[in-house]
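**Q** Per our numbering, the sequence shown runs over residues 300 to 408.
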Amino acid sequence: MSHQKYKECIEECLKCMVACNHCYVSCLDEEHIGMMKECIRLDRECADICEFAAHAMSINSKYVKEICLACADACEACGNECKKHDHEHCQQCAEACFACAKMCREMAA
300 MSHQKYKECI EECLKCMVAC NHCYVSCLDE EHIGMMKECI RLDRECADIC
350 EFAAHAMSIN SKYVKEICLA CADACEACGN ECKKHDHEHC QQCAEACFAC
400 AKMCREMAA
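#1: Would you mind sorting residue 323 into buried or exposed? The rule is 16 or more other CB atoms within 10 Å of its CB.
#2: Compute the Euclidean distance between the alpha carbons of residue 353 and residue 326, then round it to the nearest angstrom.
#3: Can you give the Cα-Cα distance for residue 465 and residue 397, rounded to whole angstroms?
#4: May I ask which residues mark the beginning and end of the alpha helix (DSSP H) holding residue 384?
#5: For residue 332, does the count of other Cβ atoms within 10 angstroms reach 16, so buried, or fall short, so exposed?
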């Protein structure tokens with residue numbers, strides 16, 4: 300598959316990476332940071348995996364399906380955690396994570 304065919308999924312992965320990074324930084328500023336520990340951890344992991352998935356697609360890696368499935372799993376875990384928190388940055392992150400997970404699952408099918 301060419302880079303062009305991956306374009307939409309790459310864009311979703313990069314949007315998710317940005318949303319997770321924003322959420323991570325914003326969580327560090329929350330008053331009860333201890334309650335945000337899992338959200339922060341998953342934000343960091345998800346951002347890294349999304350970046351890696353976008354890179355893998357951009358080079359047409361032979362492992363892109365497996366990487367996209369792993370990315371979808373990470374996005375769903377992060378989205379589910381972020382959804383538990385009322386902060387706007389968490390809700391926006393959850394939305395981006397679920398969109399990315401859906402796109403990555405479609406790409407891996």
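Here a beta-carbon is modelled for each residue, glycine too, at the ideal position from N, C-alpha and C.
**A** Let me spell this out:
#1: Buried: at least 16 other Cβ atoms inside 10 Å.
#2: 25 Å
#3: The requested residue 465 is not part of the displayed model; the chain covers only 300 to 408.
#4: Unbroken run through residue 384: none, as it is neither H nor E.
#5: With fewer than 16 other Cβ atoms within 10 Å, it is exposed.
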